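According to my numbering, the sequence shown is numbered sequentially starting from 479. Please read the structure below before turning to the comments.
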Amino acid sequence: MRFRFCGDLDCPDWVLAEISTLAKIYEKVLKLTGDARFELGDVKATVAVLSFIFSSAAKHSVDGESLSSELQQLGLPKEHAASLCRCYEEKQSPLQEHLRACSLRISRLAGMGWRVDYILSSSLLRSVEEPVVHLQLKVASALDAPAQPVAISLSADKFQVLLAELKQAQTLMSSLS
479 MRFRFCGDLD CPDWVLAEIS TLAKIYEKVL KLTGDARFEL GDVKATVAVL
529 SFIFSSAAKH SVDGESLSSE LQQLGLPKEH AASLCRCYEE KQSPLQEHLR
579 ACSLRISRLA GMGWRVDYIL SSSLLRSVEE PVVHLQLKVA SALDAPAQPV
629 AISLSADKFQ VLLAELKQAQ TLMSSLS
């Protein structure tokens, strides 16, 4: 069976397996009893399945009613699905904004510096007369990660190729948005 919150694909087996755990934990939370002791594995599995469901639903722009229906088809009781979907609907827009900010990002450019050296001559060579471009990039691997410096030295020809390709990529990305 295909589900919209899974991108119109079959629901992963691990999600199917954790729906019943989610229903059990939900019941325990509703009772608010002191004897409801959660095992660490159950808590981790529940967080993982909720994270998957909410992020996948937001990624595929699934409305709350459809998500509720699909969760019920997977075996989650109607009351639980309705409650989860109310929370999802309230936070759907901020979640989608966060996913957009994090998507397709391998790393983030936090800063950049540059320098051009033009060597007229050297004790080793008679005449060089070729500029060298030095780029100092500050790259962060994640949103909250500290930036790490990356140094690059390019000949003038290689720099011109890099610049032309970056401009081409920028034009292409501008046309997509």
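Idealized CB from N, CA, C, for every residue including glycine. These numbers were taken from a predicted model, which means no experiment stands behind them.
- Item | Distance, residue 587 Cα to residue 552 Cα | Here the question's residue 552 lines up with position 74 in the sequence shown. Here the question's residue 587 lines up with position 109 in the sequence shown. Whole-angstrom Cα-Cα distance: 42 Å.
- Task: Assuming residue 485 and residue 558 form a contact by the criterion Cβ under 8 Å, report the distance between their Cβ atoms to the nearest whole angstrom.
- Result: In the sequence shown, the residue the question calls residue 485 occupies position 7. In the sequence shown, the residue the question calls residue 558 occupies position 80. With 8 Å as the limit, residue 485 and residue 558 do not qualify as a contact, their Cβ atoms being about 23 Å apart.
- Query: Going by Cα to Cα distance, which pick from 482, 652 and 573 is closest to residue 543?
  - Reply: Within the sequence shown, numbered from 1, the residue matching residue 543 stands at position 65. The shortest Cα separation from residue 543 among 482, 652 and 573 belongs to 482.
- Query: Nearest chain D C-beta to residue 543 closer than 8 Å, yes or no?
  - Reply: Annotation note: the requested chain D is absent from the structure, which comprises a single protein chain.
- Query: Relative to the C-alpha of residue 548, which residue among 487, 596, 650 and 613 is closest?
  - Reply: Along the sequence shown, read from residue 1 onward, the residue named residue 548 stands at position 70. For residue 548, the nearest C-alpha among the options comes from 487.
- Query: By how many angstroms is the C-alpha of residue 647 removed from the C-alpha of residue 608?
  - Reply: As a working note, residue 608 is residue 130 in the sequence shown. As a working note, residue 647 is residue 169 in the sequence shown. Cα-Cα distance, rounded: 27 Å.
- Taking just the CA atoms, how far does residue 643 sit from residue 612? By 1-based counting over the sequence shown, the position of residue 612 is 134. By 1-based counting over the sequence shown, the position of residue 643 is 165. The alpha-carbon atoms of residue 612 and residue 643 are separated by roughly 18 Å.
- Close beta carbons around residue 590, own chain, < 8 Å, minus the five adjacent residues each side: Within the sequence shown, residue 590 is the residue found at index 112, counting from 1. Within the same chain, residue 590 has close Cβ partners 613, 614, 615 and 616.
- With burial defined as no fewer than 16 other Cβ atoms inside 10 Å of the residue's Cβ, what is the status of residue 650: buried or exposed? One-based indexing of the sequence shown puts residue 650 at position 172. With fewer than 16 other Cβ atoms within 10 Å, it is exposed.
- Do you know how far the Cα of residue 585 is from the Cα of residue 594? In the sequence shown, counting from the first residue as 1, residue 594 sits at position 116. In the sequence shown, counting from the first residue as 1, residue 585 sits at position 107. The straight-line gap from Cα to Cα measures roughly 26 Å.
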